[in-house]
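Notes to accompany the following structure.
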Amino acid sequence: MPSSSSKPNPGRRAKFSASATRRSGGTAPTDLRAAVTEGLLLYDYFEPISSFFLTHDERVWLRDAVTPEDYEALWIVVGSDGEPEFRVQAPTGIAFGAALGDRVWATGRTEMDVPFIVQYELRAPGTCR
70 MPSSSSKPNP GRRAKFSASA TRRSGGTAPT DLRAAVTEGL LLYDYFEPIS SFFLTHDERV
130 WLRDAVTPED YEALWIVVGS DGEPEFRVQA PTGIAFGAAL GDRVWATGRT EMDVPFIVQY
190 ELRAPGTCR
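Under my numbering, the first residue of the sequence shown carries the number 70, and numbering increases by one thereafter.
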């Protein structure tokens with residue numbers, strides 16, 4: 070039966086690593102968890118947009134980085150004056166790529182993984198035929 074001293078002891082290893090660091094002239098933090106947390110690359114903010122494209126009619130389409138529930142993406146369309154004009158939600162599996170006036174072109178894939186291009190006509194809510 071192995072003795073209890075032969076079992077791995079993570080705390081013992083951490084102490085050994087700290088003592089080895091001190092012997093080599095380095096300084097070991099007393100609170101290892103705090104030291105690891107401080108060393109992590111944690112963002113103070115999240116990106117406001119994940120992508121964008123420009124149109125010939127001087128609009129900028131900005132894809133919101135936060136995806137709405139049940140949709141592929143939320144796009145915010147900014148006019149040439151810098152003011153938001155409208156928002157468009159892309160259906161799941163559809164990626165917008167170009168727009169002009171009240172038309173937007175997008176790509177997607179079928180259930181058989183066949184790529185396709187689709188064109189949508191943009192209409193104000195409540196004005197669909």
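The beta-carbon is built from N, C-alpha and C at its ideal position, and this holds for glycine as well.
Here the structure is a predicted model, which is why all the values come from computation and not from measurement.
Length of the line joining the Cα atoms of Leu143 and Ala103: 38 angstroms
message: Considering only their Cβ atoms, is the gap separating Pro160 from Tyr140 smaller than 8 angstroms?
response: yes
- request: Please check the pair Phe165 and Trp130, which I expect to be a contact at CB under 8 angstroms, by giving their CB distance rounded to whole angstroms.
  value: 7 angstroms
- prompt: What's the C-alpha gap between His125 and Val147?
  reply: 13 angstroms
task: Mind checking who Arg192 pairs with in its DSSP beta bridge?
output: Answer is none; Arg192 lacks a bridge partner.
DSSP-derived helix/strand/coil call for Ala134: coil
- prompt: Would Ala134 be called buried (16 or more neighbouring beta carbons within 10 Å of its own) or exposed?
  reply: Classification for Ala134: exposed.
query: Can you give the Cα-Cα distance for Ala167 and Glu138, rounded to whole angstroms?
result: 23 angstroms
message: Please identify the residue among Met181, Arg172, Glu152, Arg128 whose C-alpha is closest to the C-alpha of Leu191.
response: Arg172
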